[in-house]
Amino acid sequence: MTAADYATLLQSGNDLVAQAQAVATQDFAQARALWQQAGAFFAKAHQADPDQHAAALRLAQAWMAEAHALQKEGSAHAAIMWTNAAAQCERAFDLQPDHAPTAMMAASCHAWAQNQEAAQAWAQLAKHLQQLDLDEPAEPAP
Numbered sequence: 581m582t583a584a585d586y587a588t589l590l591q592s593g594n595d596l597v598a599q600a601q602a603v604a605t606q607d608f609a610q611a612r613a614l615w616q617q618a619g620a621f622f623a624k625a626h627q628a629d630p631d632q633h634a635a636a637l638r639l640a641q642a643w644m645a646e647a648h649a650l651q652k653e654g655s656a657h658a659a660i661m662w663t664n665a666a667a668q669c670e671r672a673f674d675l676q677p678d679h680a681p682t683a684m685m686a687a688s689c690h691a692w693a694q695n696q697e698a699a700q701a702w703a704q705l706a707k708h709l710q711q712l713d714l715d716e717p718a719e720p721a722p
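Numbered by my numbering, the letters in the sequence shown go through residues 581 to 722 in order.
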């Protein structure tokens, strides 16, 4: 696949997420179906270019949406989906290891999956990265 394929797949997923968000409060089942479709596009984009943080992160977010949906239904599978989402967040973090929001997403997923030790470790890492961002001097304007 080409870079254009990657971009098209990522945009298709983003478009479906926007549609899902627009209908989520009126028709949760339709929103969930759209989130699942978006996840499929993000997975294909991630396969097309596994070195891109954006697709890896968006796939994690799609899995988080699915985990939320399963949890809302009271499904026993929610914890499994949270664990999968956490693992995908970790993959995304590997691609951009200075991205504090990705580390915080991993922490949240681990917390929802009832893995408190991992949640705490990822939260500490996110806090450390945020502090590093605050400590870095701003680059002068050109």
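For every residue, glycine included, the Cβ atom is placed at its ideal position computed from N, Cα and C.
- Fewer than three beta-carbon pairs drawn from the segment 705–717 and the segment 688–697 are found closer than 8 Å, and the two stretches are therefore not classed as touching.
- In the DSSP annotation of this structure, the continuous segment of the alpha helix (DSSP H) that includes T588 starts and ends at 583–603.
- Closest by C-alpha distance to D674, out of A618, A636, V603, is A636.
- For P630, no alpha helix (DSSP H) segment is defined, and its DSSP state is neither H nor E.
- Apart from sequence neighbours up to five positions away, the residues of its chain that approach A611 with a beta-carbon distance below 6 Å are A600, V603, A604, ordered along the chain.
- By the beta-carbon neighbour count (other beta carbons within 10 angstroms, threshold 16), E670 is buried.
- Looking at the backbone, the Cα of A634 and that of A706 are separated by about 18 Å.
- Under a 10 Å Cβ-count criterion, K624 is classified as buried, with 16 or more other Cβ atoms of the shown protein chains found around its own Cβ.
- In this structure, DSSP gives P681 a helical state, which the three-state scheme calls helix.
- Counting every other CB atom within 10 Å of its CB across the protein chains shown gives A584 a total below 16, marking it as exposed.
- The Cβ-Cβ distance between W615 and A642 falls below 7 Å.
- Linking K652 to A687 through their CA atoms gives a straight-line distance of about 20 Å.
- About 6 Å separates the beta carbons of A647 and A658, which is inside the 8 Å limit, making them a contact pair.
- Distance check between E716 and each of M644, A598, D678 places D678 closest, using alpha-carbon atoms only.
- Burial is judged here by how many other beta carbons sit within 10 angstroms of a residue's own beta carbon; G593 has at least 16 and is buried.
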